[in-house]
Amino acid sequence: MTDATRESAPAGGGKLAEAVKESAMAALLAFVLTSLMLGVRTVDAPGGLGLQYRWHLVIGAMVIVFVGRLLLKLFWWKEDGGAPAAVGAASGRFATLTEPLRKFAAPALVIFAFVLPFLPIADRQIIDIGILVLTYVLLGWGLNVVVGLAGLLDLGYVAFYAVGAYSYALLATHFGLSFWTVLPLAGILAAMWGMILGFPVLRLRGDYLAIVTLAFGEIIRVILLNWVEVTKGPDGISGIPRPSFFGLEFKRFGENTFHNFFGIEYSSMHRIIFLYYIILVLAMITNYVTMRLRRLPVGRAWEAMREDEIACRALGINTTNTKLTAFAIGAFFGGLGGSFFATRQGFISPESFTFIESAIILAIVVLGGMGSQFGVAVAAIAMIGGFELLRNMDWVKGFVESTFGIENFDPNEYRMLIFGLLMVVIMVWKPRGFVGTRMPTIFLGKERKAISGDLVKEGEG
Amino acid sequence: MSDAILKVEHMTMRFGGLVAIDDLSFEARRGEITAIIGPNGAGKTTVFNCITGFYKPTTGMLTLTHENGDTFLLERMDDFRIARHAKVSRTFQNIRLFSGMTVLENLLVAQHNHLMRESGFSFMAVLWPRGYRAHEEEAVEKARYWLEKTDLIHRADDPAADLPYGEQRKLEIARAMCADPVLLCLDEPAAGLNPKESDELNRLLLSIREEEGLSILLIEHDMSVVMNISDHIVVLDYGKKISDGDPEFIRNDPKVIAAYLGVEDEEVEELAP
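Those protein sequences? They're chains A and B, same order as listed. Converting from the first sequence to my numbering requires adding 324 to each position, the first position being numbered 1. Converting from the second sequence to my numbering requires adding 541 to each position, the first position being numbered 1.
Printed below as a string of structure tokens:
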């Protein structure tokens with residue numbers, strides 16, 4: 325030990341110099357990045373805009389980066405592993421410790437979701453967040469079929485969500501069809517659009533596929549925006565009917581109302597809880613169908629296609645049809661989600677279907693671990709639920725305002741910053757998402773073991 | 542003499558100005574092992590890609606005849622249709638397994654078309670799982686049969702990528718066999734195998750021929766495999782056929798010896814009587 329230290333001592337000086345040099349480079353980079361964004365601010369001045377220089381902020385950022393990088397270089401990043409290895413080992417220990425609990429995690433989550441409205445914590449706000457989270461769980465599971473199982477990178481998933489929403493809105497407002505009639509129709513219409521998108525992109529792979537699907541998502545949105553006669557353009561469609569419970573409506577007054585039929589006091593919560601259960605059941609159906617399909621030939625073909633398309637063709641699998649089914653099934657679930665969205669909001673406009681929605685759904689799938697249903701659910705809860713909670717965190721606001729003396733601090737404004745940071749952290753810590761392993765669909769023996777994510781391919785589009 | 546299962550007539554394949562295969566004609570007879578050999582770059586894999594539809598030959602006719610008399614013009618069919626209808630299975634020179642799926646799953650994917658039909662294109666089986674169960678068990682039994690034959694049964698639940706190289710080669714053959722082929726095309730099945738493994742491979746291929754009555758088309762560099770098990774050998778050089786006959790004839794053909802001379806010394810020594 326002592327010998328080793330003595331021997332490495334001369335090298336230690338070189339290391340310090342190297343670390344300082346590297347930190348200086350990092351600080352220079354920080355200067356480039358912050359010089360305009362932090363250093364200069366436009367202010368109203370007599371006779372137009374004036375510039376206010378805030379060099380103290382730039383210098384502050386540079387000092388933080390320099391010191392931070394130096395400390396990281398000297399104490400965190402070490403050749404023999406150092407702290408990152410310790411973190412890795414700790415997370416490995418945590419994984420083995422929670423191993424026996426893991427198989428109860430998914431059922432526990434489902435049971436929790438079913439009893440949530442009856443728990444004492446469930447106020448209007450919690451249920452609303454629950455509905456939102458479950459909508460994204462549904463969408464995540466739908467997209468998971470396309471991206472996670474079939475390995476086709478789809479950046480325009482929101483298009484099918486929009487098709488579902490507008491299908492319900494238009495059919496309900498023009499023809500008076502009920503939610504329950506339109507729900508499957510909306511799914512089928514979205515699935516048809518999925519196939520229509522599928523045809524031209526079948527020959528494309530990877531980046532090219534991603535760009536075309538991205539464009540498709542935008543095309544749908546632009547059509548909705550400009551086809552004013554049908555979609556009312558940017559004004560959107562309002563007065564979309566609410567769903568009924570076997571013909572019973574959730575209104576305070578009227579003949580066939582839910583509270584009259586069951587002889588209970590009227591409460592606006594009934595409708596919210598009902599919506600919660602609709603989306604929960606829709607999500608569960610999505611999960612059941614996907615899990616079943618995964619164990620059936622078409623699901624295995626999706627995964628095989630993600631692993632090696634040429635080998636699939638050599639085995640007589642029609643990869644064209646297989647891709648189309650993946651697009652159609654994914655779009656079908658997107659359509660269900662969309663028509664639920666329309667009935668929940670009562671109002672839709674093209675603004676709800678921008679690219680950022682596609683990006684969020686894709687982020688949920690990637691963070692959750694591609695192909696893992698449980699991972700996607702956890703990612704949706706963390707991302708959507710977490711940020712909705714952030715919106716309402718008054719104690720953070722109070723804490724920051726009193727401690728740092730910043731006025732009008734709104735945690736919600738830092739959503740995207742935290743979002744980006746979280747993505748980077750998770751991708752460094754778990755590059756394959758929360759659940760990086762793949763569960764085989766069938767076993768010959770008794771032992772059920774997962775396949776390490778390193779062996780599973782992500783697909784080339 | 543048995544009849545021809547595959548007839549290749551006047552096949553030419555050009556890539557731009559490069560003539561990879563030049564007016565090649567040969568026959569593979571039913572129930573026999575036909576080997577295609579030749580120095581590196583002779584166009585062997587290109588012949589395979591034309592037969593299995595991954596390339597479309599520039600000119601020529603490829604006829605595959607089933608035992609019941611059905612004929613298929615392979616040059617007009619898509620790759621997956623050749624596998625599905627004409628029942629030609631192939632393996633690849635650089636192994637192409639579904640690496641993240643288990644050995645058993647690999648073999649079930651190979652039975653995709655049969656299982657799709659039985660499961661009502663999968664979607665019926667979502668609603669009525671019971672009817673499909675027996676068919677899946679049947680498919681698993683078939684997979685088990687091939688796993689036992691290739692000695693991979695103890696690895697059935699392991700991911701394909703975890704198998705050692707030699708076992709991956711065997712798994713690829715088992716997977717091709719699960720697709721119920723009438724013609725099995727093997728692209729260098731012995732490449733990278735040690736002598737013991739390539740001996741096992743010989744026995745496997747012979748038993749496939751004997752027990753399943755299957756016709757095999759083989760590309761191989763390993764002369765111990767080629768000379769021991771082939772019934773018929775076609776020799777290519779620079780895209781042209783230079784010799785065609787049984788192993789004894791090929792061994793003594795001066796043209797073959799000339800083609801190999803100076804290319805790979807060991808093989809020439811082996812070829813010379």
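Beta carbons are placed, not taken as given, at the ideal position from N, Cα and C, and that holds for glycine. All figures in this text were calculated on a predicted structure; none of them were measured in a lab.
| Item | Value |
| --- | --- |
| Residues of the stretch 453 to 480 of chain A whose Cβ lies closer than 8 Å to any Cβ of chain B, in chain order | none |
| Helix, strand or coil at A/P565 [DSSP, three-state] | coil |
| Below-9 Å beta-carbon distance, B/D692 vs any chain A residue | no |
| Residues of the stretch 749 to 765 of chain A whose Cβ lies closer than 8 Å to any Cβ of chain B, in chain order | R762, P764 and T765 |
| Per-residue burial, A/K647 [other beta carbons within 10 Å of its own, 16 or more giving buried] | buried |
| Limits of the alpha helix (DSSP H) - the one that A/M519 falls within | F503 to V525 |
| Straight-line Cα distance separating A/V469 from A/A650 | 6 Å |
| Helix, strand or coil at A/G661 according to DSSP, with G and I counted as helix | helix |
| Amino acids of chain E, ordered along the chain, whose beta-carbon sits closer than 7 Å to that of A/I641 | You won't find chain E in this structure, because its protein chains are A and B. |
| Beta-carbon proximity list for B/E616, same chain, < 6 Å, skipping 5 on both sides | P598 and L603 |
| Nearest-angstrom beta carbon gap, A/A666 and A/A489 [assumed within contact, 8 Å] | 4 Å |
| The stretch 659 to 674 of chain A contacting the stretch 555 to 567 of chain A, beta-carbon criterion three pairs below 8 Å | yes |
| Nearest residue (CA-CA) to B/E688, options B/G558, B/S756, B/Q709 and B/E573 | Checking the sequence, you will find Leu at residue 688 of chain B rather than Glu. If we check each option's Cα against that of B/L688, B/Q709 comes out closest. |
| Short-range partners of chain B found in the stretch 626 to 639 of chain A, where Cβ spacing is below 7 Å | E627, A628, E631, D632, I634, A635, R637, A638 and L639 |
| Residue span of the beta strand (DSSP E) that contains B/L742, given as start and end | Where B/L742 is concerned, there is no enclosing beta strand (DSSP E), although the alpha helix (DSSP H) it sits in stretches over P736 to E753. |
| From B/E751, B/I791 and B/M764, residue whose alpha carbon lies closest to that of B/E729 | B/M764 |
| Min CB distance B/I546 to chain A below 9 Å | no |
| Interface flag, B/G672 vs chain A, CB-CB below 9 Å | no |
| Minimum Cβ-Cβ distance from B/G707 to chain A less than 9 Å | no |
| Closer than 9 Å to chain A by CB, B/R617 | no |
| From B/L727, B/L668, B/V723 and B/I774, residue whose alpha carbon lies closest to that of B/E752 | B/V723 |
| Contact under 9 Å by Cβ, A/K754 with A/G693 | yes |
| Secondary structure of A/Y590, DSSP reduced to three states | coil |
| Buried/exposed call for B/I578, threshold 16 Cβ in 10 Å | buried |
| Collapsed DSSP secondary structure at A/K647 in the structure displayed | helix |
| Given 8 Å, three or more beta-carbon pairs between the stretch 389 to 396 of chain A and the stretch 343 to 357 of chain A | yes |
| Reduced DSSP category for A/V792 - H, G, I as helix; E, B as strand; rest coil | In this structure chain A extends from 325 to 785, so residue 792 of chain A is not present and cannot be described. |
| Closest by C-alpha distance to A/I609, when choosing among A/L458, A/F711 and A/A493 | A/L458 |
| Members of the stretch 495 to 527 of chain A near chain B, C-beta cut-off 7 Å | none |
| Start and end residues, alpha helix (DSSP H) containing A/H380 | W379 to L395 |
| Per-residue burial, A/I289 [other beta carbons within 10 Å of its own, 16 or more giving buried] | Not covered by the structure: residue 289 of chain A. The range shown for chain A is 325 to 785. |
| 9 Å Cβ cutoff, A/R330 in contact with chain B | Summary for A/R330: the model assigns pLDDT 44, below 50, so the residue's position carries little reliability; its value from the coordinates is reported in the next sentence. Judged by the 9 Å Cβ criterion, A/R330 is not in contact with chain B. |
| A/G454 vs A/A437 beta-carbon contact at 9 Å | yes |
| Strand pairing of A/I775, partner residues [DSSP] | A/R762 |
| Run of the alpha helix (DSSP H) containing A/V554, from where it starts to where it stops | V552 to T555 |
| Same chain, Cβ closer than 7 Å to B/G594, five either side skipped, listed in chain order | L615, M618, D619, D620 and I623 |
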